[in-house]
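**Student:** Note that the working numbering numbers the sequence shown so that position 280 is 1721, with each residue one more than the last.
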Amino acid sequence: MHDLLQTSFLSPLKEDIVKASHFISNGPLVLASSADLEGLLALGFLEAALLDAGISYSRRFLQPMKHIPRDEQNILPKYTGTKIVFIDSFGKTDDLNSEHILVIKPKEVEVQFPHSDQIKRGTVDVVIQSSALASVISPTGDRTTSFRPYVGAGQWLMEGLDTTIDPIHTLVRDFLRDEGAIQIVPLPEVSQPNIEMIPGLSERRLKKLSTLWIEMNANQRSQALSEFCLPSLSTEGISTARFEELIWKRMVIPNQEKDLASILHVLQSKWPETKEEALIFASRLLDSWLRTGHLSESTD
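Next comes the structure, spelled out in structure tokens:
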């Protein structure tokens, strides 16, 4: 695997990540997160690395962030004399890092694309940061390695793509493609895509297009796919940036039939509404991910 800390989107945070890895490596500690998909993804990377490295820890899921009042200040769990790593996926807490507390929250950075002098600003989500921490703690661990294709999952869930192009998403997507962790393919090349994320698409027409796809050349594919998605261009509910990713650049994990966006969409749609059910669902899902190396909507 390539070094995440050498990337343009993580190199500005390298010092903080290395310092955090020392905090985590000197366990035992408590890993805590709200019972949301974003928090679960970040927690998964940390748990994978700690299991690979044989470091003692315990897990605590808190109530989903949507159940916490906007003005609530005391969301950090308290454990006297115990080190805590808290995943703050939505940046709700102040900087509370201390001798016994490490908070991982989204951080803004400035980045540059290859072969460009233009500087872009973006926010690095907690999943990318946690994956970098995992790669420092257990660089070659089996679980850590199997989780690699999911590094960009949290960034996909962020709101950056709902307004414009997210430079962090683009960079992490291309990084994972270049190292072979994922493949980037157009919609017709996904075996079992979910198209509910794109209003107005016809599943019947997609199946027909996918059947004809293999016989088409590059120009024919471009024209056919453009015509296929034309009815959806005028619909509301999805940004141009996210629309283009879902049509032309689906992230596929090798040997999986669903693309990453579809996997995340299914999990979000099945996420329980009540606090108690969400806590159980998140715990079972994370256990399954750690056991199999694959995110799955089935937690049995």
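Where a beta carbon is used, it is the ideal one built from N, C-alpha and C, also for glycine.
1) I believe Leu-1687 touches Leu-1492 by the beta-carbon criterion, under 8 angstroms. Please report the beta-carbon distance rounded to the nearest angstrom.
2) Find out if the Cβ-Cβ distance for the pair Gly-1595, Val-1567 is shorter than 8 angstroms.
3) DSSP three-state label for Met-1692, please.
4) CB Ser-1651 to CB Pro-1629, shorter than 8 angstroms?
5) Which residues bound the alpha helix (DSSP H) around Lys-1745?
6) What residue range does the alpha helix (DSSP H) around Lys-1649 cover?
7) In angstroms with no decimal places, state the Cα-to-Cα distance between Phe-1502 and Glu-1668.
8) Just tell me which of Ser-1475, Lys-1561 and Ser-1576 has its CA closest to the CA of Val-1526.
9) Quick check: the region 1617 to 1635 against the region 1683 to 1701, are at least 3 beta-carbon pairs closer than 8 angstroms?
10) Can you round the beta-carbon distance between Asn-1635 and His-1706 to whole angstroms, since I take them to be within the 8 angstroms contact cut?
11) DSSP on Tyr-1498, reduced to helix/strand/coil?
12) Is Ser-1466 near Ile-1578, with beta carbons less than 8 angstroms apart?
13) Going by CA-CA distance only, name the one from Ala-1575, Pro-1695, Leu-1617 and Gly-1678 that's closest to Asp-1603.
14) CB-CB under 6 angstroms to Leu-1598, same chain, minus the five flanking residues each way: which ones, in chain order?
15) Check the C-beta distance from Leu-1451 over to Ile-1560 and give it rounded, since I have them as a contact under 8 angstroms.
16) Check whether the Cβ atoms of Phe-1588 and Ile-1639 sit closer than 8 angstroms, and answer yes or no.
17) Quick one: is Lys-1460 buried, meaning 16 or more other Cβ sit within 10 Å of its Cβ, or exposed?
18) Would you list the residues sitting across from Lys-1561 in a DSSP beta bridge?
19) At 4 residues or longer, and completely inside the region 1590 to 1653: list those alpha helix (DSSP H) runs for me, N to C.
20) Nearest-angstrom Cα distance between Gly-1621 and Pro-1555?
21) Smallest Cα separation from Tyr-1520: which of Pro-1469, Phe-1531 and Glu-1551?
22) Over what stretch of residues does the alpha helix (DSSP H) that includes Ala-1702 continue unbroken?
23) Check Ala-1476 in the structure and name its three-state DSSP category.
24) Name, in chain order, the residues that DSSP records as bridge partners for Val-1471.
25) Determine the burial state of Lys-1546: buried for a count of at least 16 other Cβ atoms within 10 Å of its Cβ, exposed for fewer.
26) Whose C-alpha, out of Leu-1736, Glu-1718 and Trp-1712, is nearest the C-alpha of Leu-1701?
27) According to DSSP, simplified to helix, strand and coil, what is Ile-1383?
28) Rounded to the nearest angstrom, how far is the Cβ of Met-1442 from that of Ser-1576, given a contact under 8 angstroms?
29) Determine the extent of the alpha helix (DSSP H) in which Ile-1516 is found, giving its start and end residues.
30) Thinking Ala-1489 and Ile-1528 are a contact (beta carbons under 8 angstroms), I'd like their distance in whole angstroms, please.
31) Once DSSP output is grouped into helix, strand and coil, what is the label at Pro-1580?
32) Straight-line CA distance for Pro-1608 to Leu-1574?
**Tutor:** Taking the structure as given:
1) Incorrect: roughly 33 angstroms between the Cβ atoms, too far for contact.
2) yes
3) strand
4) yes
5) Since the first residue of the chain shown is 1442 and the last is 1741, residue 1745 is not available in this structure.
6) 1644 to 1654
7) 45 angstroms
8) Ser-1475
9) yes
10) 5 angstroms
11) strand
12) yes
13) Gly-1678
14) Glu-1479
15) No, Leu-1451 and Ile-1560 are not in contact; Cβ-Cβ is about 16 angstroms, not under 8 angstroms.
16) no
17) exposed
18) Val-1552
19) 1594 to 1598 and 1608 to 1619
20) 18 angstroms
21) Pro-1469
22) 1701 to 1711
23) coil
24) Ser-1499 and Ile-1525
25) buried
26) Leu-1736
27) The displayed coordinates of the chain run from 1442 to 1741. Any statement about residue 1383 would go beyond what the structure contains.
28) 7 angstroms
29) That residue, Ile-1516, is in no alpha helix (DSSP H); it is neither H nor E in DSSP.
30) Not confirmed; about 14 angstroms, so no contact.
31) coil
32) 21 angstroms
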